[in-house]
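Protein sequences appear in the order of chains A and B.
Taking our numbering, the leading residue of the first sequence gets 3, the next gets one more, and so forth.
Taking our numbering, the leading residue of the second sequence gets 917, the next gets one more, and so forth.
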Amino acid sequence: MSILVIAEHDNSSLKVATLNTIAAAKAIGGDIVVLVAGANCAGAGEAAAKADGVSKVLVADNAAYEHQLAENVSLLISEIGKDYTHILSPSTSNGKNILPRVAALLDVEQISDIMSVESEDTFKRPIYAGNVIATVQSTDSIKVITVRGTAFDPVASEGGSASVESLDVVKDAGISSFVKEEIAKSERPELTAAKVIISGGRGMQNGENFKLLEVVADKLGAAVGASRAAVDAGFVPNDMQVGQTGKIVAPDLYVAVGISGAIQHLAGMKDSKVIVAINKDEDAPIFQVADYGLVADLFDALPELDSKL
Amino acid sequence: MKILVAVKRVADANVKVRAKADGSAADLANVKMAINPFCEIAVEEAVRLKEKGVATEVVVVSMGDKACQEQIRTALALGADRGIHVETDVDLQPLAIAKMLKAIVDKESSELIILGKQSIDGDNNQTGQMLAALAGIPQGTFASEVVIEDGKAAVTREIDGGLQTISLSLPAVVTTDLRLNEPRYASLPNIMKAKRKPLDVVSPADLGVDPAPGVTTLKVEAPAERQAGIIVESVEELVDKLKNEAKVI
């Protein structure tokens, strides 16, 4: 078997999600080749070559791939992907955007968000917000798959010595163009990579009050997340949303503050190792999944937590 | 400009769906069904574009058994002009749906196709992207803002780190995220009016597509359940437990 892994990167470095995806590829077994498509992305290519288990890295370095436009990158992947039995990508916004396009160009189904590899053609994946786990089998000649990062421990980022080959394939569909990006700058860890996450919900009442979470987050080296309710209410930006249709996280510690625990939110965080819930409503469903629950007003509890840490 | 909107009939978002005891499928007996929330946002966006004078007609399509005509009628009550029902009992998967949508887009000469980014039952997040690939047109997925101007669509997308804006030539596919708009409620007069709006029924064969699934579900099961933990009495106790029992801080 030969597996093509699509790298998630920022051109200069590799994102951890790539290492999770390589781990899924190793579980399938076979020759693992990583594709780094980007612009001035030699740095990400070198990083991929060091990852454990990779035999070769293909680097497609061209302005057409700079912003990961799905129209261009999918043409590249579907052309080189024909030679592989599996094409894997992380379930990141890039992976979710690009890979179904690749599958359609190859005339195969995609299997989204796998959480385990049962065999080379059989996988488990969550449906209905993770309330049902389906075991699915694909008979397609090429399996196109996105991988839930939290379900696979990342492979080592150092120690490998894969060859790096530069690809001279330029695909520019010419039907889409990048205009601008507003990327939140933060000194805190990324949500999907953080060991500790503290999230706020509607109970935070406004965006200003998220400062109460931030001071605690900084003491714990934590990322700050939010429920959909807090994002929809405009307290915080969308990239902080944890849940079924937001980010899926599984940190060592997840602290839910003022979050009631709708099934859509639980879908995004219930695989966390330890869950803490702070909520003044003792009947909030979040307490049913929490290892430690504290029934308290968050405006009292957060400052006290800050002082005790 | 003609807009095509695809809608899906799914279990209501407030229902916690469970696997059947025999592991054959999700148990939808007596479950309240509704229009997929992301699809409802798609309908609203299309109707707003028509109200602004950007769109001339909003056509809504749904696929599945006869019951999904209910969701088409809902979309018509929200302001869509006419419906197309692709009637089939086959358990449709995204690639087949995308192929059928492509056939409809060709026939209708739709210039903008709006879909939900994912359905809350299958959680696939594929159909819009697949349709765009098959039609050879661009896609603006996970949209939080859509502006049609000078024959192009400027789409602001919710991405992992924040927001990205891209410019797409038309025709194009847009898939909706939660913040694109807040759907209206259908008024009673509009619900009555929707009953008289045209609704065509076609079959997959009419569209030249074999809807057979490419992926087989071998079984379904419940996820590993978390045990409910303990209630601590104070912040002090919480910090103590996290340090000394769970050892996570």
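The beta-carbon is built from N, C-alpha and C at its ideal position, and this holds for glycine as well.
Note that the structure is predicted; figures quoted are calculated from it, not measured.
Considering only the alpha carbon of each residue, which of GLU111(A), TYR86(A), VAL75(A) lies closest to ASN96(A)?
It is VAL75(A).
is_contact[SER1103(B), chain A] using C-beta, thresh 7 angstroms:
Against chain A, the CB of SER1103(B) has no partner CB under 7 angstroms away; the residue lies outside that interface.
Since ALA950(B) and VAL926(B) should fall inside the 8 angstroms C-beta cutoff, what is the C-beta to C-beta distance between them, to a whole number of angstroms?
At roughly 7 angstroms, the Cβ-Cβ gap stays under 8 angstroms, so ALA950(B) and VAL926(B) are in contact.
Where do the N-terminal and C-terminal ends of the beta strand (DSSP E) with ASN211(A) fall, by residue?
Note, ASN211(A): premise wrong, no beta strand (DSSP E); not H, not E.
Taking the Cβ atom as the reference point for each residue, do LEU78(A) and VAL18(A) lie within a distance shorter than 7 angstroms?
Contact flag unset, no.
Could you run through the segment 1020-1048 of chain B and flag, in chain order, every residue whose CB is less than 9 angstroms away from some CB of chain A?
So the close ones are LYS1033, GLN1034, ILE1036, ASP1037, GLY1038, ASP1039, ASN1040, ASN1041, GLN1042, THR1043, GLY1044, GLN1045, MET1046, LEU1047, ALA1048.
Are three or more beta carbon pairs between the segment 1048-1062 of chain B and the segment 99-107 of chain A nearer than 8 angstroms?
Enough Cβ pairs lie closer than 8 angstroms, so yes.
DSSP three-state assignment for GLN1034(B), whether helix, strand or coil:
Coil.
Contact check, GLY295(A) vs ILE1165(B), beta carbons under 7 angstroms:
Contact: no.
Span of the alpha helix (DSSP H) holding ILE79(A)?
Where ILE79(A) is concerned, the enclosing alpha helix (DSSP H) stretches over 72-83.
Spatial distance of GLU210(A) from GLN290(A) (CA atoms)
Using only the alpha carbons, I get a separation of about 29 angstroms.
Quick one: give me the first and last residue of the alpha helix (DSSP H) that HIS267(A) is part of.
Under the DSSP assignment, HIS267(A) falls in the alpha helix (DSSP H) whose first and last residues are 265-271.
Output the boundary residues of the beta strand (DSSP E) element that contains LEU1086(B).
Taken as a continuous stretch (DSSP letters only), LEU1086(B) belongs to no beta strand (DSSP E), as it is neither H nor E.
Buried or exposed for MET1108(B), going by 16 or more other Cβ atoms inside 10 Å?
With fewer than 16 other Cβ atoms inside 10 Å of its own Cβ, MET1108(B) counts as exposed.
When we look at the beta-carbon of ASP155(A) and count the other beta-carbons within 10 Å, is it buried (16 or more) or exposed?
Result: exposed.
Since ARG925(B) meets chain A, which of its residues come closer than 7 angstroms, beta carbon to beta carbon?
The contacting residues do not exist; ARG925(B) stays about 14 angstroms from chain A at best.
CA-CA distance, ILE1036(B) and SER165(A)?
The straight-line gap from Cα to Cα measures roughly 42 angstroms.
If we call anything under 7 angstroms between Cβ atoms a contact, is ASN42(A) one with ASN22(A)?
Judged by their CB atoms, ASN42(A) and ASN22(A) are not nearer to each other than the 7 angstroms cut-off.
Using beta-carbon positions only, say whether THR20(A) and ALA9(A) come within less than 7 angstroms of one another.
ALA9(A) is positioned such that its CB atom lies closer than 7 angstroms to that of THR20(A).
Rounded to whole angstroms, what is the Cα-Cα separation between MET979(B) and VAL921(B)?
Taking the straight line from one Cα to the other gives about 12 angstroms.
Check for me: the alpha helix (DSSP H) holding VAL1155(B) runs from which residue to which?
DSSP places VAL1155(B) inside the alpha helix (DSSP H), whose first and last residues are 1151-1160.
Extract the residue ranges of the beta strand (DSSP E) inside the segment 1042-1113 of chain B, only unbroken runs of 3 or more that lie entirely within it.
Runs of beta strand (DSSP E) with 3 or more residues, each lying fully within the segment 1042-1113 of chain B, are found at 1055-1065, 1068-1075, 1078-1085, 1088-1092, listed in chain order.
Expressed to the nearest angstrom, what Euclidean distance is found between the alpha-carbon atoms of LEU71(A) and VAL217(A)?
Looking at the two C-alpha atoms, the distance is approximately 37 angstroms.
Buried/exposed call for GLN1143(B), threshold 16 Cβ in 10 Å:
When all chains shown are included, GLN1143(B) counts as exposed.
Name the DSSP beta bridge partners of ASP63(A), please?
According to DSSP, which records beta bridges pairwise, ASP63(A) is partnered with GLY40(A).
Rank GLU961(B), ASP1022(B), VAL947(B), CYS955(B) by C-alpha distance to the C-alpha of LYS932(B) and give the top, closest one.
Among GLU961(B), ASP1022(B), VAL947(B), CYS955(B), the Cα nearest to that of LYS932(B) is on VAL947(B).
Is the CB of ASN22(A) under 7 angstroms away from at least one CB in chain B?
Chain B places no beta carbon closer than 7 angstroms to that of ASN22(A), leaving this residue out of the contacts.
CB ASP142(A) to CB VAL110(A), shorter than 7 angstroms?
In this structure, VAL110(A) lies closer than 7 angstroms to ASP142(A) by Cβ.
Check this for me: beta carbons of ILE277(A) and TYR256(A), under 7 angstroms apart or not?
TYR256(A) is positioned such that its CB atom lies closer than 7 angstroms to that of ILE277(A).
Please go through the same chain and pick out, in chain order, the residues whose beta-carbon is closer than 7 angstroms to the beta-carbon of GLY270(A), but skip the five residues on each side of it.
When the five nearest sequence neighbours on each side are left out, the beta carbons in the same chain lying within less than 7 angstroms of the beta carbon of GLY270(A) are those of VAL244, GLY245, GLN246, GLY248, LYS249, ILE250, VAL251, in order along the chain.
Beta-carbon contacts of ILE30(A) that lie in its chain and below 7 angstroms, excluding the five residues immediately before and after:
Same-chain partners within the cutoff: MET3, ILE5, HIS88, VAL119, GLU122.
Taking one C-beta from the segment 1120-1127 of chain B and one from the segment 995-1014 of chain B each time, how about it: are there three or more such pairs within less than 8 angstroms?
Segments in contact, yes.
Taking LYS157(A) and ALA53(A) to be in contact with their CB atoms under 8 angstroms, please state how far apart those CB atoms are, rounded to whole angstroms.
In the sequence under discussion, the amino acid at residue 157(A) is Val, which differs from the Lys named in the question. So it is a contact: roughly 6 angstroms between Cβ atoms.
At a CB-CB cut-off below 7 angstroms, which residues of chain B make contact with ARG230(A)?
The contacting residues are LEU1094.
In chain A, what lies closer than 8 angstroms to LEU1110(B) by C-beta?
Sequence inspection shows Ala at residue 1110(B); the Leu mentioned does not correspond to that position. Under the 8 angstroms cutoff, chain A gives no residues; its nearest Cβ is about 27 angstroms from ALA1110(B).
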